[in-house]
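Undergrad: Below you'll find the structure I mean.
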Amino acid sequence: MDAKLMIGDILNQMSKQVIAKTHELAHANKASTLGSQDVISAVYACMSANLAKHAIAEGARNAFHFINNTSKYKAEDFAYRVQRQELREDPAVGNLIGEITEPKNNKNNNK
198 MDAKLMIGDI LNQMSKQVIA KTHELAHANK ASTLGSQDVI SAVYACMSAN
248 LAKHAIAEGA RNAFHFINNT SKYKAEDFAY RVQRQELRED PAVGNLIGEI
298 TEPKNNKNNN K
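If you want it as structure tokens, here you go:
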């Protein structure tokens, strides 16, 4: 399997997890709109603390650049693309995502 396609599928599945958790949090709070805090809480719920911290910082930086028209990315870069059939819900990718997002309970994280 092509490495780029596998990484793309991992990111796709992780984004689905974050979106589902964000929706769940907004529904639990009886909110009709999503706020940045809903997304941040969902990211922390779906990823390990260190990965979530970096993801939130990178997301905030890119959102700032996108809003101020200084981004390398434009709105048309995010057009809907059809997912390849053979990559849908691959169990190996699901296991890898589980390993990445699972909080580690070792001495290094307790400090």
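Residues 198 to 308 in the working numbering are what the sequence shown lists, from first letter to last. Cβ coordinates follow ideal geometry from the N, Cα and C atoms, glycine included.
Is I207 helix, strand or coil by DSSP?
TA: Looking at I207 - three-state DSSP - the assignment turns out to be helix.
Undergrad: Under 8 Å between the Cβ atoms of A249 and V240?
TA: For A249 and V240, yes; Cβs fall inside 8 Å.
Undergrad: Taking 8 Å as the cut-off, decide whether the C-beta atoms of K218 and A242 are in contact.
TA: Going by C-beta atoms, K218 is nearer than 8 Å to A242.
Undergrad: Which of helix, strand or coil does DSSP assign to V215?
TA: In the structure shown, V215 sits in a helix (DSSP, three-state: H, G or I).
Undergrad: Can you list, in chain order, the residues of its chain whose CB lies under 6 Å from that of V236, leaving out five sequence neighbours each side?
TA: So the qualifying residues of the chain are T219.
Undergrad: Is the beta carbon of A225 sitting closer than 8 Å to the one on L231?
TA: The answer is no: Cβ separation not under 8 Å.
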